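The next block holds one structure in the form of structure tokens; read it before the comments.
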Amino acid sequence: MYLLHESITFTQKYDSRDLCVWIDPIDCTSGFTCNRLYEVSILIGVSYQGKSILGLIGHPFSLKQHKTVFHPTVFIGSPELTSKCAF
Numbered sequence: 465m466y467l468l469h470e471s472i473t474f475t476q477k478y479d480s481r482d483l484c485v486w487i488d489p490i491d492c493t494s495g496f497t498c499n500r501l502y503e504v505s506i507l508i509g510v511s512y513q514g515k516s517i518l519g520l521i522g523h524p525f526s527l528k529q530h531k532t533v534f535h536p537t538v539f540i541g542s543p544e545l546t547s548k549c550a551f
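Our numbering applies: residue 465 is where the sequence shown begins, and numbers increase by one.
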């Protein structure tokens with residue numbers, strides 16, 4: 465496994481009653497159903513008191529020499545951290 469950041473530490477404490485988490489497990493459903501797996505993304509977002517604090521975009525597949533291969537990549541973004549992790 466390869467990670468640029470093994471852990472993420474936020475400097476602020478969050479009250480879970482003010483957190484909102486949403487997940488889109490298969491963004492680009494039409495690409496998934498038509499076997500264009502390289503178009504598929506998994507999206508996760510977190511907001512606190514109505515403001516975005518974290519976003520994750522997962523790309524489980526990619527094209528390598530015109531073939532779809534399992535090669536998960538995760539992009540992480542937040543006001544406190546911007547990085548790319550691949551595993």
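Virtual Cβ for every residue (Gly too), placed ideally from N, Cα, C.
Keep in mind that this is a model prediction, so the values were computed, not measured.
The beta carbons of residue 532 and residue 523 sit no closer together than 8 Å.
When secondary structure is reduced to three states using DSSP, residue 488 falls in the strand class. The beta carbon of residue 501 sits closer than 8 Å to the beta carbons of 495, 524, 525 and 532 from its chain, once the five residues preceding and following it are set aside; these are given in chain order. Excluding its 5 nearest sequence neighbours in each direction, residue 510 has C-beta neighbours in its own chain below 6 Å: 485, 517 and 518, listed in chain order.
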